[in-house]
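The next block holds one structure in the form of structure tokens; read it before the comments.
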Amino acid sequence: MNALLPEGTAAILVIPAATAAILALTPSYRASAPLNVLSSFLTFITALSLFVRRPQTGPFILVDDLNIVFIVLNTFVAFTTSVFSASYIAHELETGRLTPIRLRFYHAMYQVLLFAMNLALIANNIGLMWVAVEMATLTTVLMVGVYRTPEAIEAAWKYFILGSVGIALALFGTILVYIAARPTVGEGLDGMVWSVLVAHASAFDPAQLNLAFVFLMLGYGTKVGLAPLHAWLPDAHAEGPTPISAVLSGLLLNVALYAVLRFKLLLDANPGAVAPGPLMAILGLVSLVFAAFMLYRRRDIKRMFAYSSIEHMGIITFAFGLGGPIANFAGLLHMIMHSLTKSAIFFTVGHIAQVKGTQTIADIRGLTVTHPLLGWGLVAGVFAIAGLPPLGIFTSEFLVVSSTFARSPLLAIPLVAGLLIAFGALLLRLQGMAFGEPSRDVAPVKASYLPIAAHLGLVLMAGIYLPAPLVVWFQHVASLLR
Amino acid sequence: MVVIGELAVQIAQMLVVLLLAPLLIGFVRKVKARLLRRRGPPLLQPYRDLVRLARKEAVIANSASWLFRFVPYLVFAATWVSASLVPTFATGLLYSWSADLIAIIALLGSARFFLALAGMDVGTSFGGIGSSREAMFATLAEPALIMIVFTLALVAGSTQLSTIAAFMTSPAAGLRVSLGMALIALVIVALAENARIPVDNPATHLELTMVHEAMVLEYSGRHLALLELASWLKLLLYVSLIACLFAPWGIAHEGKNFGAQAVGVLTYVSKLAGAGLSLALFETTIAKMRVFRVPEFVGVALMLAFLAVLLLFVSVSL
Amino acid sequence: MKGIAFDLAHLLAGALVLVSFMLLYQNRLYSLLNVFALQAVVLTLSVAWQAYIQRAPHLYITAAIALAFKAIVIPIALHRIIARLGIHREVENVVGLGPTMIAAMALVALSMVVMLRVNAGADPLAREDLAFALSVVMLGLLMMVTRSNAVSQVVGFMSLENGLILAAAGAKGMPLVVEISVAFSVLVAFIVIGVFLFRIRERFDTVDIEALDRFQGARQ
Amino acid sequence: MPIAFFLQCDAALLVLSVAAVLLRGRPAVAAIVYGGSLALSVLLLGGALGRLIADGSPDGVALPLGLPWVGSHFRLDALSAFFLVVINLGSASASLYGLGHSRHERSQPRVLPFFPAFLAGMNLVLLADDAFTLLASWEFMSLASWALVMARHQQADNARAGYVYIVMASFGTMALLLAFALLAGPLGAYMFATMRESSVTPGVAGLVLALVLIGAGSKAGLVPLHVWLPLAHPAAPSHVSALMSGAMTKVAIYAFVRIVFDLLGEPAWWWSVAVLTLGGVTAVMGVLYALMQHDLKRLLAYHTVENIGIIYIGLGLALAFRAFDMPAAAALALTAGLLHTFNHSVFKSLLFLGAGAVLTATGERDMEHLGGLIHRMPQTAFAFLVGCVAISALPPFNGFVSEWLTFQAILVSPQLPSWGLKMLAPAVGALLALSAALAAACFIKAFGVTFLGRPRTIAVERAHETDRLSIAAMFALAALCLIAGILPGVFIDTLAPVVQTLVGDRMPAQIGIDWLSIVPIAESRSSYNGLLVFLFIAASASLAAVAIHRLASDAVRTAPPWDCGFPDPNPTTQYTATSFAGPIRRVYGAFAFQARERVDMPAPGELRPARLTVEMHDLVWEFVYDPITRLVEFLALKLNRLQFLTIRQYLSIVVGALVLLLLVLASWS
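Chains as they are written, first to last, in our numbering: chain A, 26 to 507; chain B, 31 to 348; chain C, 129 to 348; chain D, 196 to 864.
Below is the structure:
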């Protein structure tokens with residue numbers, strides 16, 4: 026057991042799994058929401074404990090400097106989202122969009138999703154990682170479809186089919202990696218243990234690694250939401266319940282990106298293999314520019330921010346693809362900032378949509394007049410996501426753009442163009458929603474401002490002051506990422 | 031002792047311009063009348079007009095503001111100061127360094143600025159006509175003047191009138207294409223600025239054509255007197271400007287004895303006479319233009335002046 | 129023993145590719161399902177053979193799953209679905225049969241080329257196997273793309289997955305194959321159930337034709 | 196004063212803006228905010244002046260903020276000190292005005308929090324000593340001002356103005372970011388100190404210059420990047436407009452000077468060609484645009500564009516002289532540019548405050564609805580008049596001095612060895628003279644139509660003089676206009692250390708010269724004495740007045756206007772702003788705006804009225820911005836189809852991508 030599942034990590038897997046089971050059995054939805062919050066919180070605490078007590082690496086479990094960042098971020102956002110989801114769900118019950126029975130299912134699934142994502146993050150075994158990601162996909166599919174409206178079902182279906190194909194490709198890539206590893210590592214379990222693989226990667230057959238990376242990039246890239254593999258993402262965000270949109274944007278995309286990064290490291294370790302950087306950089310740029318243009322004609326607020334997620338995943342992938350200490354640092358920072366900001370935006374948007382009774386941008390006007398907190402919250406969120414100081418994303422974008430332009434100016438042109446175009450689109454919509462003559466409300470809502478405040482506060486702090494240890498940590502991780 | 035002398039020269043200068051201005055205008059009118067086979071008013075008529083106007087009570091429109099009463103003095107003062115800074119019969123005026131040529135142009139500019147405001151103060155359509163047209167002409171005339179200044183300054187290496195005059199008398203000046211163009215430009219600008227034919231007709235009150243007269247339409251009494259005097263001073267100023275820049279002969283230089291000063295005065299008066307004569311001749315032989323032909327006319331001056339500057343770099347003195 | 133082992137594995141893998149071609153060729157749904165069942169059987173054989181020559185008993189489980197699940201349960205379920213939902217019986221191709229076949233050839237060729245670039249150092253069995261597996265995967269994708277009919281697309285996806293299982297089984301001593309195949313069967317089951325639940329009559333594209341028309345507009 | 200003091204003041208400003216949020220709704224909050232900002236700006240002003248006069252050696256401080264491994268560095272040298280003076284002078288007067296204005300308009304929930312933040316942002320930009328800090332504060336400044344522009348967001352125009360503004364602002368920031376990226380190099384040496392040491396290749400330097408011209412120019416309002424300015428500046432509350440025009444554009448000038456003169460190293464001669472041309476075009480186009488306006492605040496905004504052009508002319512000349520190693524001349528040109536920077540901030544703030552007073556009193560920005568205000572608000576009118584004379588570059592006020600210096604600098608240009616510059620400088624001089632003359636015309640219009648004549652609407656007849664504090668703010672600035680006009684030597688000498696650090700030489704000391712006149716190069720060459728001119732005019736005017744009143748009559752009688760015998764009581768018969776600008780439009784508009792006049796004259800006996808229609812085109816919008824927006828919209832529309840594909844089509848895209856990558860792989864090596 027210990028070798029299989031070291032104690033520190035046991036908690037972050039067991040707690041969600043157990044809670045999922047309990048929640049699936051709890052009939053009263055009054056109890057389930059707090060329980061959900063509680064267990065998410067506990068998971069977060071245990072995740073923090075990983076800092077102090079790092080479990081030793083086993084055949085299935087790996088906790089290193091790289092994925093601790095992901096795990097902590099993951100559990101934290103999961104926790105804040107559960108807090109938001111409590112108030113959000115309450116309102117959904119009042120309006121009758123969700124029935125108690127579906128809610129039971131929803132909460133259980135939430136924890137299962139948490140379990141799957143944590144598993145994918147700490148898995149040292151690429152096969153296990155694949156299974157976890159597939160599990161996460163299935164759960165999110167179910168949650169996206171939870172409203173049972175035709176739109177929701179169609180979105181879920183789209184997500185499901187495209188996701189499955191992506192998963193299938195990823196699996197083929199995984200198999201290829203094993204086959205590439207077998208001659209050197211030998212048969213059996215070791216052939217899939219990432220830490221072992223990366224140690225011997227230099228001896229692998231480059232051609233097989235290249236082929237594997239193509240499949241993995243496309244497979245997990247579908248989950249990251251990179252254009253042109255993004256098609257599932259906007260609808261899944263738009264039609265599912267907002268907490269799920271927040272989790273998708275804030276966490277699941279990161280998990281998939283994490284998988285890509287792991288395999289990137291594998292290829293980097295092999296001198297013969299093609300450098301994975303350029304492929305990632307190109308896909309990133311394509312997603313950025315494409316999403317920037319797509320932002321303009323959006324009518325649905327959640328779909329718009331979904332496209333903005335595509336844009337930012339593009340930036341992050343580009344940064345990691347570019348490589349180098351500055352760009353990698355920027356990529357990490359940008360990823361964290363984006364998770365926090367985008368989930369905060371979705372929290373705000375969720376309440377806004379409830380207040381206005383619509384997700385149509387044109388019907389949302391003058392928020393800062395009628396709902397100052399929500400309105401200015403949205404303004405702050407969009408400013409943060411648009412990369413304006415003194416908020417964190419400005420720092421990362423500053424680093425990405427400047428290092429790109431200093432190193433390869435030609436790449437900077439589409440980058441800057443994309444950023445500006447996206448900025449124009451976001452601000453255009455923001456002004457329409459936050460200012461002007463207010464539109465009428467349909468329902469009052471007991472919004473939970475705490476998560477929003479917490480996220481934006483963190484983002485603001487990161488924009489002004491980054492604590493030195495954190496910086497050292499990130500620089501270390503950046504150096505790990507080449 | 032020297033300072034006293036220079037001070038005397040300066041004061042003499044100020045009085046000279048003040049006294050000669052009406053005489054010049056009277057002379058021009060007389061000559062014009064003669065050319066038209068009329069006897070014309072006596073030479074000293076302008077002085078009489080001034081006195082008569084000054085004695086009358088001033089009638090002020092009830093919609094006028096304090097600015098309306100304040101402007102005549104300001105315009106007069108500005109014009110007078112600038113006129114007294116232009117060397118007439120002697121260079122090296124005591125205060126000439128307090129404002130160079132550019133500053134003098136700017137001073138005239140402020141005078142125009144306030145006169146145009148006064149034209150709009152009462153709130154009549156005619157005042158508006160005058161001000162807007164004056165402003166429009168000025169937008170062409172002032173750059174032309176500045177360009178002329180450039181030409182001279184680049185030739186003489188200074189914007190200081192005394193220095194330029196001194197340089198012009200020196201053999202170094204020579205005969206240049208640029209200077210010729212600048213002279214023509216300056217003459218055109220002078221005609222425009224002084225509201226002479228063909229730009230404007232000082233003798234008419236035909237509403238649609240008048241510019242300067244429209245601005246002072248509401249003025250009467252002492253205010254009108256001051257404004258008239260100011261406009262006459264302006265004419266004198268331009269004449270003496272042309273004289274000291276392009277015909278500085280006989281002008282007394284610094285530290286010269288009294289004789290030289292006397293010669294300077296005589297030559298200056300004769301220059302004035304010549305200028306008045308030619309002005310009268312010109313005005314009788316040419317017809318007034320339509321208002322919107324004027325920009326083209328003044329534009330020619332601007333173009334010439336600009337060409338003059340550019341030609342400086344390619345042409346050497348003959 | 130080595131020789132025969134290799135040849136038989138090779139034969140079975142090749143057969144799998146052949147069946148994939150047959151799948152592409154079908155234009156009747158029922159026959160499509162039958163062929164798919166056939167492919168499942170072939171897969172079962174080849175996995176079992178792999179289990180035998182690799183002395184990897186757990187692969188028998190995978191083979192069993194393949195047989196029970198893909199060769200029997202799923203085809204029957206799909207038969208019933210077709211009958212229940214009254215899906216009309218022939219497969220309408222988006223792309224004509226000829227072009228599809230040519231594309232299929234090209235894809236197979238491509239996967240061969242890609243695989244043969246892999247240096248011969250890797251053991252040939254895995255290498256050849258992999259080439260066939262990749263071909264099967266590509267053909268499955270091709271089927272999903274060229275067929276505009278829910279059931280045939282499901283079939284396409286499943287044959288793709290057959291390719292994956294083949295590759296996994298062929299990878300000597302690969303761990304977790306069983307888990308993976310189970311996970312995958314779950315996936316497939318989901319799809320089939322989805323097809324049934326959401327009454328996907330014609331295409332994956334829509335849950336319900338009218339519904340689609342309704343929010344094409346709002347979908348912006 | 197140590198730099199820490201300045202940073203503390205800025206921190207206090209930020210605290211103030213937070214307080215404004217917390218105390219919102221309280222009656223006293225406006226007084227607190229404006230009073231606080233007033234006090235802090237005065238402190239900053241004093242400190243900066245002290246630094247500038249005492250000429251303390253630059254001192255810096257590094258805080259562990261901002262970019263982690265760089266930290267955020269702040270440094271105060273002569274240049275920063277000078278611009279701090281400019282900015283805080285503006286902010287002090289604006290705060291004073293705001294203090295008074297808050298009596299008319301009690302609750303300004305959307306103004307108060309952002310006002311101090313805006314001040315803090317501007318101050319921080321001037322103190323920043325590394326790229327990140329500078330850009331962060333720069334963008335923060337833009338954001339705060341954007342919020343202020345959006346203060347009256349209910350009007351659609353303001354919202355549009357805000358949108359155009361923030362997009363242009365981030366565009367400019369991006370350009371500056373790229374420029375800094377080039378200066379910092381791939382290793383990310385973002386500190387100015389390291390940038391000063393490191394040198395870049397000429398090509399890169401040229402690219403940096405272009406980027407800085409775009410970045411700083413878009414904020415300063417260089418044509419054709421000026422489009423946001425006349426929209427945004429008027430949209431804000433008037434004292435904020437004063438700040439944006441008077442102070443924020445100067446921050447942009449600062450950025451340009453800091454990068455081009457300080458960080459970028461030795462200039463190439465052709466840089467000055469670019470800068471001079473842009474400056475000249477901007478000056479003339481700005482004033483021509485202004486002449487076509489009849490919205491008072493927009494007119495002022497366009498004049499900001501013009502004056503920015505004049506400043507850039509000075510800077511361009513300085514670059515040219517520096518490129519050919521003529522430090523004395525460079526010092527003259529740079530002094531001219533910087534002095535005009537200061538002067539413009541003074542009289543433009545004054546004018547905007549005056550326009551604000553008019554707006555508060557009448558609720559009108561459109562000059563066609565004003566008139567005769569000199570009777571209702573005499574003090575405002577007087578202050579505004581001073582501003583008009585000063586901005587028209589007429590002696591004895593300050594505007595003239597800086598333009599005179601610029602002319603003197605141009606007159607040195609023939610000594611430049613480059614023929615291109617020999618020819619270009621006088622041409623630019625012509626443009627400068629033209630813009631000055633046009634400006635005079637424009638302000639005759641502005642003052643004449645707004646304050647003179649007879650009231651055109653009821654609103655004007657009901658107008659009354661604005662409050663004391665606003666008046667005080669305006670008069671303080673007006674006094675400054677006169678002082679800077681008649682004692683220019685003092686200001687020139689104050690600028691000496693700044694110029695010394697940037698071009699390695701300074702103008703000859705002016706204080707010593709007798710009669711306090713200024714002599715840029717040599718006594719024999721050119722000199723100007725504002726004080727004496729002022730005294731002369733005053734003396735001779737009073738002399739004339741006394742003489743006439745004594746010797747002749749001083750009797751006055753008021754009567755209805757004469758008006759050639761046909762006085763018309765209807766105030767609409769007065770010349771309007773449009774009709775005043777008519778002749779100028781006919782002369783210049785044809786090529787500048789493709790202005791076309793159509794006269795529709797009914798046949799005799801027809802009863803319909805004759806009609807004159809004028810159509811004008813903003814060429815910059817039509818040829819630069821519309822195409823870009825159209826392109827973006829077009830692409831967005833085309834790409835948008837990808838939102839409506841069926842799952843099968845999406846799948847085929849995925850497969851396509853896969854096949855493509857496999858092909859690449861197959862054809863690899």
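For every residue, glycine included, the Cβ atom is placed at its ideal position computed from N, Cα and C.
The stretch 255-278 of chain D: positions lying closer than 8 Å to chain A by Cβ: Taken in chain order, the members of the stretch 255-278 of chain D whose beta-carbon sits within less than 8 Å of a beta-carbon on chain A are Pro259, Leu260, Gly261, Leu262, Pro263, Trp264.
Other residues of its chain near Ser504 (chain A): CB distance less than 6 Å, five sequence neighbours each side excluded: None.
Option in D:Leu404, D:Pro573, D:Ser340, D:Thr444 with minimal Cα separation from Asp662 (chain D): The candidate whose alpha carbon is nearest that of Asp662 (chain D) is D:Pro573.
Touching by the beta-carbon criterion (3+ pairs, under 8 Å), the stretch 456-475 of chain A and the stretch 100-118 of chain A: Yes: at least three Cβ pairs fall under 8 Å.
DSSP three-state assignment for Phe419 (chain A), whether helix, strand or coil: Phe419 (chain A): helix per DSSP, three-state reduction.
Residue environment, Asn150 (chain A), which counts as buried when at least 16 other CB atoms sit within 10 Å: Its Cβ being crowded by 16 or more others within 10 Å, Asn150 (chain A) is buried.
C-alpha distance - Ala298 (chain A) paired with Leu262 (chain D), whole-angstrom precision: Cα-Cα distance, rounded: 35 Å.
Contact between the stretch 661-677 of chain D and the stretch 301-317 of chain D (3+ Cβ pairs under 8 Å): Below 8 Å, too few C-beta pairs join the stretch 661-677 of chain D and the stretch 301-317 of chain D to call them touching: fewer than three.
Three-state secondary structure assigned by DSSP to Asp795 (chain D): Asp795 (chain D) sits in a strand when the DSSP states are folded into three classes.
Val89 (chain B) (DSSP reduced to helix, strand or coil): The answer is strand: DSSP assigns Val89 (chain B) an E or B state.
Residue closest to Trp524 (chain D), alpha-carbon to alpha-carbon, out of D:Leu548, D:Ala469, D:Val607, D:Phe646: The question names Trp, but residue 524 (chain D) in the sequence shown is Ala. If we check each option's Cα against that of Ala524 (chain D), D:Val607 comes out closest.
Three or more C-beta pairs below 8 Å linking the stretch 298-313 of chain A and the stretch 364-376 of chain A: No, the stretch 298-313 of chain A does not touch the stretch 364-376 of chain A.
Buried or exposed by the 16-neighbour rule on C-beta atoms within 10 Å, applied to Leu348 (chain B): Note that Leu348 (chain B) scores a pLDDT of 44, beneath 50, so its modelled location is shaky; the value from the coordinates is reported in the next line. That one is exposed.
Buried or exposed by the 16-neighbour rule on C-beta atoms within 10 Å, applied to Val335 (chain C): Here the model assigns Val335 (chain C) a pLDDT of 41, short of 50, so the residue's position is not dependable, and the following value carries that caveat. Buried, since its Cβ has 16 or more Cβ neighbours within 10 Å.
Within chain A, partners of Phe335 (chain D) - CB distance below 7 Å: In chain order: Pro414, Pro415.
Lys640 (chain D) burial status per 10 Å Cβ neighbour count (16 or more: buried): The residue in question, Lys640 (chain D), is buried, as its Cβ has 16 or more Cβ neighbours within 10 Å.
Partner residues on chain C for Gly216 (chain A), Cβ-Cβ distance less than 9 Å: In chain order: Ala299, Gly301, Met302, Pro303.
7 Å Cβ shell around Ile321 (chain C) - same chain, five flanking residues per side excluded: Taken in chain order, the list of residues that qualify is empty.
Separation of Pro492 (chain A) from Ala635 (chain D), as counted between CA atoms: Between Ala635 (chain D) and Pro492 (chain A), the C-alpha separation is close to 57 Å.
Euclidean distance between Cα positions of Ala205 (chain C) and Asn277 (chain C): Linking Ala205 (chain C) to Asn277 (chain C) through their CA atoms gives a straight-line distance of about 16 Å.
Cβ neighbours of Leu233 (chain D) in the same chain (closer than 7 Å, five flanking residues each side left out): Residues of the same chain with a CB within less than 7 Å of the CB of Leu233 (chain D), apart from the 5 flanking positions on each side, are Ala287, Ser290, Leu291, Leu294 in chain order.
Cβ neighbours of Ala157 (chain A) in the same chain (closer than 7 Å, five flanking residues each side left out): In chain order, Ala141, Leu144, Ala145, Ala148 place their CB closer than 7 Å to the CB of Ala157 (chain A), counting only its own chain and leaving out the 5 sequence neighbours on each side.
Ile319 (chain C) at chain A interface by Cβ criterion, 8 Å: Proximity of Ile319 (chain C) to chain A, defined by a Cβ-Cβ separation below 8 Å, is satisfied.
Cβ-Cβ distance between Leu682 (chain D) and Leu711 (chain D) below 8 Å: In contact: Leu682 (chain D) and Leu711 (chain D) (Cβ atoms closer than 8 Å).
Cβ pair Leu358 (chain A), Thr420 (chain A) closer than 8 Å: Between Leu358 (chain A) and Thr420 (chain A), the CB-CB gap stays under 8 Å.
Cutoff 8 Å: Ser847 (chain D) Cβ touching any chain C Cβ: Using a Cβ-Cβ cut-off of 8 Å, Ser847 (chain D) counts as an interface residue toward chain C, since at least one Cβ of chain C sits closer than that to its own.
C-alpha distance - Tyr77 (chain B) paired with Leu307 (chain B), whole-angstrom precision: In a straight line, the C-alpha of Tyr77 (chain B) is about 20 Å away from that of Leu307 (chain B).
Asp151 (chain B) at chain D interface by Cβ criterion, 8 Å: Interface residue, yes.
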